[in-house]
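Single-structure report; data block below.
Structural data, given as structure tokens:
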């Protein structure tokens, strides 16, 4: 299978694996029924496989069968974990911190860390007015981000923040209802 996959998706899976090193499991560890983080990793890997299979053109019946199998598995894991995350929205290096409701519409850069109960949505009545979120952004639990806005690289969005305006300044700490800039991210603490 790896021989068939293009380099972009192999790179995405490798970057996701690095970002998820705290919960990525393989071998016998992945069979532990008490390790719920394994399910998140399976979801992320299936997400990337769907991105690969649905962006690759092939008329091979075997390829089409695998494409349908990954789509079915993706849907099953999405429902099981409470995620509404479509393919092609996250760059490489995605880290989902915990299972729970996560709804995503928009474009999110690389190395994003996303917490449970996050909603990244459209402006009411405008399906194409979605947020654009930069690289290395942390999104805290319960954050709501919506509308045609831009969040710069390196920002940290606090728990339960309601973000409905752009924050174009990199490395900004964003918190509150409605959200406002409350400080700068300490670069020496970034991973």
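Numbering (our numbering), first residue to last: 1 to 191.
Just so you know, even glycine gets a beta-carbon here, dropped at the ideal spot from N, CA and C.
Alpha carbons only, please: which of the options is nearest the one belonging to residue i?
| i | options | result |
| --- | --- | --- |
| residue 104 | 119, 59, 47 | 119 |
| residue 134 | 172, 57, 125 | 172 |
| residue 40 | 136, 80, 10, 67 | 80 |
| residue 86 | 177, 38, 164, 51 | 51 |
| residue 112 | 7, 164, 15, 37 | 15 |
Quick check: the Cα distance between residue i and residue j, rounded to an integer number of angstroms?
| i | j | result |
| --- | --- | --- |
| residue 98 | residue 141 | 10 Å |
| residue 131 | residue 61 | 38 Å |
| residue 10 | residue 187 | 29 Å |
| residue 149 | residue 121 | 10 Å |
| residue 146 | residue 136 | 19 Å |
| residue 12 | residue 144 | 26 Å |
| residue 71 | residue 92 | 20 Å |
| residue 42 | residue 74 | 9 Å |
| residue 169 | residue 125 | 28 Å |
| residue 57 | residue 108 | 25 Å |
| residue 44 | residue 63 | 20 Å |
With distances taken between CB atoms, is the gap from residue i to residue j smaller than 8 Å?
| i | j | result |
| --- | --- | --- |
| residue 179 | residue 162 | yes |
| residue 89 | residue 106 | yes |
| residue 95 | residue 19 | yes |
| residue 77 | residue 46 | yes |
| residue 53 | residue 67 | yes |
| residue 139 | residue 115 | yes |
To which residues of the same chain is residue i closer than 7 Å at the C-beta, ignoring the five residues directly before and after it?
| i | result |
| --- | --- |
| residue 167 | 151, 152, 155, 174, 181 |
| residue 117 | 100, 101, 141, 142 |
| residue 49 | 70 |
| residue 123 | 129, 146, 147, 148 |
| residue 165 | 149 |
Return yes when the C-beta of residue i is under 7 Å from any heavy atom of the ligand SAM, and no when it is not.
| i | result |
| --- | --- |
| residue 19 | The model on display carries no ligand, and the ligand SAM is accordingly not part of it. |
Between which residues of its own chain and residue i is the CB-CB distance below 8 Å, once the five residues before and five after are set aside?
| i | result |
| --- | --- |
| residue 185 | 154, 155, 156, 171, 172, 173 |
Who are the Cβ neighbours of residue i in its own chain at under 6 Å, not counting the five residues just before and after it?
| i | result |
| --- | --- |
| residue 177 | 162 |
As an exercise, report each continuous beta strand (DSSP E) stretch of at least 3 residues that is fully enclosed by the stretch 72 to 109, in chain order. Listed in chain order, they are 102 to 104.
Ordered list of beta strand (DSSP E) runs contained in the stretch 108 to 191, each at least 3 residues: At a cut-off of 3 residues, the continuous stretches assigned as beta strand (DSSP E) that sit fully inside the stretch 108 to 191 are 118 to 121, 144 to 146, 172 to 175, 180 to 184.
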